[in-house]
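Novice: Here you go, one structure.
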Amino acid sequence: MAASIKDVAKEAGVSIATVSRVLNDVDVVNEETKEKVLAAIKKLGYRPNIVARSLKTQKTKTVGIIIPDISNQFYPEIVRGAEDVANIYDYNIMLCNTDLDIEKETEYLKVLKEKMVDGVLYMSTSLGNDTIKLINELQLPTVLVETTDKDRSFPSVIINNEQGAYDAVKYLIGKGNKRIAYIGPKDDVMNATSLRYKGYKRALAENNMGIDKNLVCFSGMKARDGYEAINIILNNNSIDSVFCASDEIAMGAINSLRDKKFIVPRDVDVLGFDNIYGAEIFYPKLTTIAQPMYDMGSVGMRMLIKMINKEPLEKEHYVLDYQLIERDSCKK
1 MAASIKDVAK EAGVSIATVS RVLNDVDVVN EETKEKVLAA IKKLGYRPNI
51 VARSLKTQKT KTVGIIIPDI SNQFYPEIVR GAEDVANIYD YNIMLCNTDL
101 DIEKETEYLK VLKEKMVDGV LYMSTSLGND TIKLINELQL PTVLVETTDK
151 DRSFPSVIIN NEQGAYDAVK YLIGKGNKRI AYIGPKDDVM NATSLRYKGY
201 KRALAENNMG IDKNLVCFSG MKARDGYEAI NIILNNNSID SVFCASDEIA
251 MGAINSLRDK KFIVPRDVDV LGFDNIYGAE IFYPKLTTIA QPMYDMGSVG
301 MRMLIKMINK EPLEKEHYVL DYQLIERDSC KK
């Protein structure tokens, strides 16, 4: 039979109220008594009744993490950073994968509220007004990771996506490239990746290079999108380089170029974005803009736990550093 709080109190020689105070981290218990209680808990293998505890404290020590695509190598690393911090503070995680479906996003928000999570770490490919309204209505403490809302009303952890893309395209220009294609989302979508197209346009404009619409292919973020986009772009067009809004897109683009007998980077430079695990083991190894994925998750979770415990945030919005990683998919 599982040990009860009464068994713990008896083993430690204290009252049930004292055990409860230790479990709820109330400071009035002296250190010696606290150690006795913790030793008894460990000896008996006691696990508190989360439901009963949450009814009393109005906290479940559980947070929700909403991600758009669990198959994308970018998100698991963020979740790993978030989970490591959550474990430090004894929080459990409920992971929700939306499959890039806005309806699933909103449904998961409602489910997490019903499950009485203490807060949500939220990643979305499209943070529209209806979603923002729902988060506010549900009164869920929420931190955005890798994206921000238009009015910056939610705390967030991001990189400067536009500047990262600008630096990437400027790097390609510095290699002598003049016909630089773009594959990725449009800039009229409310998410982080769409800002990369703005950086692409700005870099070309500042270097007196006009945008050739025939070299721009708006797409999703998967490898197959990159593969299909190259087929479209190379239809009666020539290119010397491609800036891709994600590493997955870049991998698909390289495979398509390879099937067309182009050699990367001898014939075409290809530059990705994110620095997912596969970027370093793909052939050729991807030159890319590296996002600090683990740090984005860990910083976001620390912010969320502070919000849950009504502690002041040192900053509402964190913009972390990125890095251009030079590998083998661009000419040296």
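When we follow UniProt numbering, the leftmost residue of the sequence shown carries the number 1, and every step to the right adds one.
Glycine included, each C-beta is placed from N, C-alpha and C at the ideal position.
Everything numeric in this text was worked out from a predicted model, so none of it was measured.
1. Can you give me the start and stop residues for the alpha helix (DSSP H) that Ile239 sits inside?
2. Going by alpha carbons, who is nearest to Cys217 out of Lys332, Lys186, Glu32, Lys201?
3. Quick one: residues in its chain with C-beta nearer than 8 Å to the C-beta of Leu55, no 5 flanking neighbours on either side, listed in chain order?
4. Could you check if Tyr283 is buried or exposed, using at least 16 other CB atoms within 10 Å of its CB as the buried criterion?
5. Would Cys244 and Val264 be called neighbours here (beta carbons separated by less than 8 Å)?
6. Closest to Gln323 by C-alpha separation, out of Ile254, Met301, Asn161, would be which residue?
7. Hey, quick one: how far does the beta strand (DSSP E) through Gly272 stretch, first residue to last?
8. On the DSSP bridge assignment, give the partners of residue 357 in chain order.
9. Alpha carbon to alpha carbon, how far is Ser20 from Asp328?
10. Taking the alpha helix (DSSP H) that Gly176 falls in, what are its first and last residues?
11. Three or more C-beta pairs under 8 Å: does that hold for the region 160-177 against the region 194-208?
12. For Val145, which three-state DSSP category applies?
13. Determine the closest residue to Ile78 out of Pro155, Lys110, Leu95, Val117, with distance taken between C-alpha atoms.
14. Would the beta-carbon of Asp212 fall within 8 Å of that of Ile249?
15. My output table needs one value for Phe74: the three-state DSSP class, helix, strand or coil.
16. Per DSSP, which one or two residues make a beta bridge with Phe154?
17. Phe218 bridges to which residues according to DSSP?
18. Can you tell me whether Tyr283 is helix, strand or coil according to DSSP?
19. Span of the alpha helix (DSSP H) holding Tyr108?
20. Under 7 Å: does the beta carbon of Pro155 sit that close to some heavy atom of the ligand MN?
21. Just mark Asn177 as buried or exposed, buried being the case when its beta carbon has 16 or more other beta carbons within 10 Å.
22. So the alpha helix (DSSP H) Tyr46 belongs to, where does it begin and stop?
23. For Ala12 and Val37, which I take to be in contact (beta-carbon distance under 8 Å), what is that distance rounded to the nearest angstrom?
24. Starting from the C-beta of Val299, find all residues in its chain whose C-beta is less than 6 Å away, skip the five residues before and the five after it, and write them out in chain order.
25. Using DSSP with H/G/I as helix, E/B as strand and the rest coil, what is Ala192?
26. Closest to Glu105 by C-alpha separation, out of Tyr277, Val120, Lys310, Pro292, would be which residue?
27. To the nearest angstrom, how far is the alpha carbon of Glu83 from that of Ile65?
28. Spatial neighbours of Ala290 within its chain, please: CB distance less than 8 Å, with the 5 preceding and 5 following residues excluded, ordered by chain position.
29. Put Leu320 into one of helix, strand or coil per three-state DSSP.
Specialist: With the structure as the only source:
1. Run containing Ile239: none; DSSP gives neither H nor E here.
2. Lys186
3. Confidence in Leu55 is poor, its pLDDT being 46 and thus under 50, which makes the residue's placement too unreliable to answer from.
4. exposed
5. no
6. Asn161
7. 269-274
8. This structure does not reach residue 357, given that the chain is present from 1 up to 332, and the question cannot be answered.
9. 59 Å
10. Gly176 -> no alpha helix (DSSP H), and no H or E assigned at all.
11. yes
12. strand
13. Leu95
14. no
15. helix
16. Partner(s): none; Phe154 has no beta bridge.
17. Gly184
18. coil
19. 102-114
20. Because no ligand of any kind appears in the structure shown, any question about the ligand MN cannot be addressed here.
21. buried
22. Here Tyr46 belongs to no alpha helix (DSSP H), and DSSP marks it neither H nor E.
23. 5 Å
24. Val157, Tyr318
25. coil
26. Val120
27. 10 Å
28. Asp274, Asn275, Tyr322, Gln323, Leu324, Ile325
29. strand
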